[in-house]
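Below is one structure, written out as structure tokens; comments come after it.
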Amino acid sequence: MRIVSWLLLVVGLVLTVLGVMAVLGQAGSGTQPWGTELADNFVFVKALPFVLGVGVVMGLVMARTHGPKVRSDGAIRRWSPGTVFGHAVLTVGFVLALPTGMWQYLGGILDVNLPIPLYLFYRVHYIGAAVVLFAVAAFVSYLWMTGDRSLLVPRGQWARHLLGLAYELPQPIRARYAKLLRVDLTQPRPPVGQFTFYERVVEFPSWSIVLALITITGLIKAGRYLVPVPGFVLWLASTLHVAAMVLIVIKLLDHFRYVFPRWPLMSSIATTWVSERYARLRHPAWQQVMAGGATPVGRHTEGERSPASSGIAGGGDA
Amino acid sequence: MRRLVALLGLVWCLANLGVAYFFLTSAFVAKTAAKEGILAQLSLLVGGVLIAGFAILLARECWRMLTSADASETA
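Listed in order, the protein sequences are those of chains Y and G. One point on numbering: in our numbering, the residue at position 189 of the first sequence is 189, and numbering is uninterrupted. Convert by adding 1000 to the 1-based position in the second sequence; the result is the number in our numbering.
Have a look at this one:
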């Protein structure tokens, strides 16, 4: 199955390269009466099916890396290598798309033109958007293939998660939050699992929503020269696209604010691992499950051991 | 490494504070009112305040990381 996934990825990459080359050839042939910005728009839109397709195939390969693991030194895998790859790709996409998108908006508001031609901003924005769409397609495919729902609050566990979140909030706003959502702070603090309550209740749902919003509205905006889009729908898509951009700016600030002081979590999104000590101190429920469920099956050459079952509760690795 | 990340975080905060400044000032100029309308002005105002607020919160964490190895653990 692994070799099939990799073969599909190679085929997908070859098709994408050929497709993008054909699209670029059309745009650069000189036979189309398009300006630079419009030509870039067509290249972007026509390349999208290839980008999304190869993203889906990449998700299949990423899914092969899914599953809980405990290292011989007790370190626990928090993120699969596939997720780390997808996160890195998404970061590159944001680095390209966010500043260029922000300048397109701010330049219009401030009525300022830089010495750099505007079409170059659009071009980089399209490249960044294509990278983001590739990552989004890969993540959707990955989650679909693995069936991993560990990022979501399980059904019937909202009360427990809202209580846990209360204890993770700063003291000054905890009482107000508890009063607003009728959270009983006399109950003991629930132990943290693989993901903190803040990650499950606030971080992951909000990222999913803003990513879906910017993706859908961006696709409507980009496709408007190929498919007739009613004026109101286009206006709404443009407005929501800007709103999603501002939300992403805010989300990034909050994301950094949250993970910077939790340095082991920062490291884990690069290395995939969290030390046994950190897991025991900050994620005790997860550490207990992993320590109990991870039957040593012999050390691998790289010093890893795999749990006997990949379906360990809480061991989902998104 | 942590200090480098904290410094980069502070640079990011400054860039975002710049964005927030442009959002906030643009919310109050007549040109925006004429071109975009009251809703856009309100959006710029709210967006600018939120970006500035979160940038200050991040800057505080970055400053803590720079000045202390012992980081806080609240959300």
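Note that CB positions come from ideal geometry on N, CA and C, so glycine has one too.
Whole-angstrom C-beta distance between residue j and residue i, which should lie under 8 angstroms
i: Y:A222; j: Y:V45; result: 5 angstroms
i: Y:V192; j: Y:L247; result: Rounded, the Cβ-Cβ distance is 26 angstroms, inconsistent with contact.
i: Y:L8; j: Y:V43; result: That belief does not hold up - the Cβ atoms of Y:L8 and Y:V43 are roughly 25 angstroms apart, past 8 angstroms.
i: G:T1032; j: Y:I76; result: Wrong, their Cβ atoms sit about 51 angstroms apart, outside the cutoff.
Close-in-space but distant-in-sequence residues of the same chain around residue i (CB under 7 angstroms, 5 per side omitted)
i: Y:L13; result: V54
i: Y:H241; result: I214, T217, G218 and K221
i: Y:V20; result: A47 and F50
i: Y:I269; result: W79, V84 and H87
i: Y:L24; result: V43
i: Y:W6; result: V61
i: G:Q1041; result: A1027, T1032 and A1033
Extent of the continuous alpha helix (DSSP H) run through residue i
i: Y:P230; result: No alpha helix (DSSP H) contains Y:P230, which DSSP labels as neither H nor E.
i: Y:I109; result: P81 to L110
i: Y:Y167; result: W158 to E168
i: Y:G19; result: R2 to G28
i: Y:F139; result: L118 to T146
i: G:N1016; result: R1002 to A1027
i: Y:P205; result: F204 to A222
i: G:T1032; result: A1030 to K1035
For residue i, the three-state DSSP class (helix, strand or coil)
i: Y:W263; result: helix
i: G:W1063; result: helix
i: Y:R282; result: helix
i: Y:V329; result: Because chain Y in this structure spans residues 1 to 318, residue 329 of chain Y falls outside the shown range and cannot be described.
i: Y:W273; result: strand
i: Y:R149; result: coil
i: Y:V183; result: coil
Cβ shell of residue i (< 6 angstroms), same chain only, five flanking positions each side left out
i: Y:G128; result: G93, L96 and A97
i: Y:G316; result: In this predicted model, Y:G316 has a pLDDT of only 32, less than 50, meaning its place in the structure is not dependable enough to derive any value.
i: Y:P264; result: V274 and Y278
Cβ-based neighbour list, residue i, same chain, cut-off 8 angstroms, excluding 5 preceding and 5 following
i: G:T1074; result: Because the pLDDT of G:T1074 is 49, which lies under 50, any placement of that residue in the model is unreliable, and the question is left without a value.
i: Y:P284; result: P191 and V192
i: G:L1024; result: L1044, L1045, G1048, V1049 and A1052
i: Y:A175; result: L185
i: G:M1065; result: R1002, R1003, V1005, A1006, G1009 and A1071
Any non-hydrogen atom of the ligand SAM within 7 angstroms of residue i CB
i: Y:G156; result: The ligand SAM is absent from the structure shown, which contains no ligands of any kind.
Selection of the stretch 254–265 of chain Y by Cβ proximity to chain G, strictly under 8 angstroms: D254, F256, R257, Y258, F260, P261, R262 and W263
Which residues, in order along the stretch 1001–1018 of chain G, keep a beta-carbon less than 8 angstroms from a beta-carbon of chain Y? R1002, V1005, A1006, G1009, W1012, C1013 and N1016
Mind checking the stretch 105–116 of chain Y against chain G and listing, in chain order, the residues whose C-beta falls within less than 8 angstroms of any C-beta there? L106, I109, L110 and D111
Just by C-beta distance, which residues in the stretch 1044–1061 of chain G are closer than 7 angstroms to chain Y? G1047, L1050, I1051, F1054, A1055, L1057, L1058 and E1061
If the cut-off is 9 angstroms on Cβ atoms, which residues from the stretch 1030–1041 of chain G count as contacting chain Y, listed in chain order? K1031, T1032, K1035, E1036, L1039 and A1040
Would you list, in chain order, the members of the stretch 93–105 of chain Y that have their beta-carbon closer than 7 angstroms to a beta-carbon of chain G? M102
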